[in-house]
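Notes for the one structure printed next.
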Amino acid sequence: MISKQEIVSTLLQNALFDLKSCGRSFAPSNIALVKYWGKRQSELNLPQTASMSLSLSCGTHTTVSLNDTRDSVTFNGVLLAPHDPKAVRALSFCNLFRPLDKYFVIETKNDIPTGAGLASSASGFAALTLALDDLFGWKLDKRSLSILARLGSGSASRSLYTGFVKWYEGVQDDGLDSFAEPFGTPWSELQLGVLLASAAEKPIDSRSAMQSTVATSPLYSSWKETVQRDLALVEEAITTRDFGLLGQTAESNALTMHATMMAAKPPIFYWLDKSVFYMHKIWKLRASGLPLYFTMDAGPNLKVLFLEKDKKTITSALPELQFLVP
Ligand code: PMV
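Just so you know, we're using the numbering used here here: the sequence shown kicks off at 17 and counts up by one.
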């Protein structure tokens, strides 16, 4: 099996090296319209299928520098304990790039609305990759940076860009053909909000949940066909600005992903009563003529898609909706 370190060496072999005192970056959060669920190779986070996301204006700001004493990770102003899982994950990623006898000082801040139930590992690893590129002065191209960010977290490969982003599954064992790039043109009328069912830590992380779904769900092979079909539909919807097609496809894709994991053994079930309550509310509003759709990730919260022109009506129909800026 090809290791992360081998991929890093390949990507950095022709990179520049112009060390600064501090590297800085920002990377946006992203919400998948066609989801990534399942890896074809887990060491390199190579996905079974391609996926498509929309980047948000909120995300992660990171600075990285080196010192001679010890590693430290500060998250939202709080110094993390060395065994904190966030610190361990960030530092094991940095180990791939560690100069001899040097330690990393990482400071990272999310401007993702607190309690919005949004995953931050995508923007977190994308921002860390960009900060390292700035610190070491590699000046890598976006494709290489997307591949490096993917080694930290799969969906981070998509957080290097604004707008719509497509991540290719690739076929190579080294994953050098599995990177993300922008798709189509920005769609300024498209809006997004969150209906929070719970801000609590999820019962099973996405890495383990994916692994178990691929290994035990009898629906997994048809999930791959669903993604292929949904990607074509979402691409058409983005290109032709067909909001109904975009919303319908994204909602159906998210429900199919959840159905696929519910069929795993043991079942993986992220929904809470409140999630189902909100789904019915959205379906009812839609039946009454209001065009709005939802998508969900590995958690109980709903991300609602709608158009700018309907914002006022949606705000009064769903006062609990927290707005996110795409
Ligand atoms: O990159 P990870 O391991 O956090 O997985 C992300 C999985 C989903 O958010 C459910 C789907 C996606 O494509 O972002």
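Quick reminder that beta carbons are idealized off the backbone N, C-alpha and C, glycines included.
| query | result |
| --- | --- |
| Burial state of C110, where buried means 16 or more other Cβ atoms lie within 10 Å | buried |
| Ordered list of alpha helix (DSSP H) runs contained in the region 149 to 207, each at least 4 residues | 158 to 168 |
| With 16 other Cβ atoms within 10 Å as the buried cut-off, status of R174 | buried |
| Inter-residue spacing [alpha-carbon to alpha-carbon] between K240 and K325 | 35 Å |
| C-alpha gap between L276 and S268, whole angstroms | Residue identity differs from the one stated: residue 276 is Thr in this sequence, not Leu. Cα to Cα, the separation comes out at about 12 Å. |
| Endpoints, the alpha helix (DSSP H) within which H274 is located | F259 to M278 |
| For A296, three-class secondary structure by DSSP | Sequence inspection shows His at residue 296; the Ala mentioned does not correspond to that position. In the structure shown, H296 sits in a helix (DSSP, three-state: H, G or I). |
| Proximity test, K51 beta-carbon vs the ligand MG heavy atom, cut-off 6 Å | Ligands present in the displayed structure are limited to the ligand PMV, and the ligand MG is not among them. |
| Cβ-heavy atom distance, G179 to the ligand PMV, below 6 Å | no |
| beta-carbon A314 near the ligand PMV non-hydrogen atom, thresh 6 Å | yes |
| E59 to L340 span [Cα, whole Å] | 33 Å |
| Any non-hydrogen atom of the ligand PMV closer than 6 Å to G305 Cβ | no |
| Test item: CB-CB of D34 and G153 under 7 Å | yes |
| CA-to-CA distance, N317 to F293, given in whole angstroms | 11 Å |
| Any non-hydrogen atom of the ligand PMV closer than 6 Å to G170 Cβ | yes |
| Distance, G305 Cα to G168 Cα | 42 Å |
| The alpha helix (DSSP H) enclosing F109, as first and last residue numbers | P101 to C110 |
| Proximity below 7 Å, CB of K225 to CB of I298 | Sequence check: residue 225 is Ala here, not Lys. No, the pair does not count as a contact, with Cβ atoms beyond the cut-off. |
| Close beta carbons around D87, own chain, < 7 Å, minus the five adjacent residues each side | L107, Y119 and F120 |
| Local Cβ density within 10 Å of M17, reported as buried at 16 or more and exposed below that | exposed |
| Closer than 6 Å: A225 CB and nearest the ligand PMV heavy atom | no |
| Sheet register partners of P44 (DSSP bridge) | G75 |
| S214 - DSSP class collapsed to helix/strand/coil | coil |
| Of the listed residues F259, S136, L134 and W183, nearest to K158 (C-alpha basis) | W183 |
| Sequence-distant residues of its chain with Cβ nearer than 8 Å to S204 (five each side left out) | E324 |
| Under the three-state DSSP convention, the category Q227 falls into | helix |
| Cα-Cα separation between G75 and P282, rounded to whole angstroms | 33 Å |
| Rounded C-alpha distance that separates G179 from E251 | 13 Å |
| Three-state secondary structure (DSSP) of I122 | strand |
| A66 CB to nearest heavy atom of the ligand PMV below 6 Å | no |
| Three-way DSSP call (helix, strand, coil) for S136 in this model | coil |
| Distance cut-off 6 Å: S137 Cβ against heavy atoms of the ligand PMV | yes |
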